[in-house]
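Protein chains: 2
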Amino acid sequence: MLPPSTRRSLPMALLRAREVIMAHFRPMLARHDITEQQWRVLRVLAESGPLEATELANRASILPPSLTRIIKAMEEREFISRNKVKDDGRRALLAISPSGVALIEELSPERAAIYEAIEKRYGAVEHERLLDMLESLIQSESAEG
Amino acid sequence: MLPPSTRRSLPMALLRAREVIMAHFRPMLARHDITEQQWRVLRVLAESGPLEATELANRASILPPSLTRIIKAMEEREFISRNKVKDDGRRALLAISPSGVALIEELSPERAAIYEAIEKRYGAVEHERLLDMLESLIQSESAEG
DNA sequence: AAGATGTAATTCACATGTTAACTACAAGAT
DNA sequence: ATCTTGTAGTTAACATGTGAATTACATCTT
């Protein structure tokens with residue numbers, strides 16, 4: 007079997023797809039001076055409630071060293087707070103702050119509109135199907151495989 | 007319409023999918039001390055022949071500032087060469103060197119085997135279909151949309 | 001020919017990705 | 001009780017991502 011050309015390789019296709027999608031969201035994030043990763047952290051915490059760093063890193067798909075830096079920056083801007091877990095000096099619970107919630111709520115309408123526009127252009131059925139196929143790929147390739 | 011949960015958003019799904027796929031290739035790249043991006047540059051040049059920086063950046067999905075650094079590193083390791091374009095002092099043609107070609111050839115079998123394994127686990131038909139859907143998404147979202 | 005405009009590439013500054021090493025703490029084994 | 005092993009989180013070092021500013025060169029205009 008020939009290796010795929012760069013024009014038809016899964017890693018490249020996934021990378022490009024992500025780029026064209028994120029291009030729609032970047033202006034919104036830039037206007038509020040937060041990065042894509044900080045936005046992911048906020049949304050995960052808003053959805054899931056307080057989490058420990060490891061679990062947050064997993065859910066937001068951010069590596070631990072990056073999360074350490076992101077947490078630090080977001081604490082300084084008071085978007086999140088941290089509380090030590092008693093009985094275990096290593097862990098800490100990270101929680102979204104009221105300003106963090108306010109930011110989420112402020113951006114939600116625009117965020118929904120961007121998603122709608124993408125669905126409209128690409129097709130709602132195809133969109134759902136693509137999500138299913140990606141989930142399936144992630145399943146088949148993650149862990150022991 | 008509600009904004010999607012982080013568990014079912016296109017950007018997150020694309021990111022995770024790429025991660026699980028790249029996890030299979032990273033050990034190979036690490037053994038040869040090249041980065042994922044350097045590997046993309048090599049493959050694009052091997053496939054397309056000599057290119058100018060802007061075109062190479064587009065085809066490899068690498069931003070110009072990153073490409074500048076990558077080119078510098080790869081020139082020092084003599085994987086690629088650069089030749090100024092006469093009649094335009096700004097441009098230069100970047101070309102893969104014999105050692106670059108040798109590296110590609112050395113890695114090709116393992117690369118093909120990894121792709122085959124992915125196809126086998128995920129399904130060849132699904133794999134092709136996913137590539138089609140990603141291409142279609144890229145089409146529908148890129149540029150003017 | 002001089003100035004205005006446009007383009008290719010680089011540089012800068014800062015954030016994140018990535019791997020390895022390290023610290024701090026916890027829990028189990030002897 | 002000490003020692004080992006394991007786990008959570010951080011730090012370090014380097015590469016890349018990202019947007020803005022800058023440099024170098026071309027081209028167009030007048």
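Just so you know, the sequences run in chain order A and B. Last residue of the first sequence: 151 (this note's numbering), numbering continuous. Last residue of the second sequence: 151 (this note's numbering), numbering continuous. We treat Cβ as the ideally placed atom computed from N, Cα and C, and that holds for glycine.
Beta-bridge partners of residue i, as assigned by DSSP
i	result
B/E58	B/L99
A/S87	A/A101
Extent of the continuous beta strand (DSSP E) to which residue i belongs
i	result
B/R32	Looking at the DSSP string, B/R32 is not in any beta strand (DSSP E); the run it does join, the alpha helix (DSSP H), is 16 to 37.
Whether residue i touches residue j by CB criterion (8 Å)
i	j	result
A/T60	B/V50	no
B/M34	B/E116	yes
B/M139	A/E132	yes
B/P70	B/A79	no
B/I68	B/Q43	yes
A/L137	B/L16	yes
B/E81	B/R88	yes
B/V107	B/A52	yes
A/A23	B/I144	yes
A/S65	A/S54	Checking the sequence shown, residue 65 of chain A turns out to be Arg, not Ser. Contact: yes.
B/P9	A/A118	yes
A/A130	A/P56	no
Boundaries of the alpha helix (DSSP H) in which residue i is found, first to last residue
i	result
B/T74	70 to 82
A/D138	130 to 147
Whole-angstrom C-beta distance between residue j and residue i, which should lie under 8 Å
i	j	result
A/S146	B/Y128	5 Å
B/E84	B/S72	Between B/S72 and B/E84 the Cβ distance is about 20 Å, and since that is not below 8 Å, they are no contact.
B/I120	B/L48	Actually they are not in contact, since the Cβ atoms of B/I120 and B/L48 sit about 16 Å apart, beyond 8 Å.
B/E58	B/L113	That pair is no contact at about 25 Å.
Exercise. Compile a chain-ordered list of the residues in the region 16 to 45 of chain A whose CB is closer than 9 Å to at least one CB of chain B.
Key: Those would be L16, P17, M18, A19, L20, L21, R22, A23, R24, E25, V26, I27, M28, A29, H30, F31, E42, in chain order.
Self-check item: Selection of the region 65 to 92 of chain B by Cβ proximity to chain A, strictly under 8 Å
Solution: Within the region 65 to 92 of chain B, those residues whose Cβ lies closer than 8 Å to any Cβ of chain A are, in chain order, R65, A66, S67.
Quiz item: Which residues, taken in chain order from the region 117 to 132 of chain B, show a beta carbon closer than 7 Å to some beta carbon of chain A?
Solution: Contact residues of the region 117 to 132 of chain B toward chain A are R117, A118, Y121, E122, I124, R127, Y128, E132 (C-beta to C-beta distance below 7 Å).
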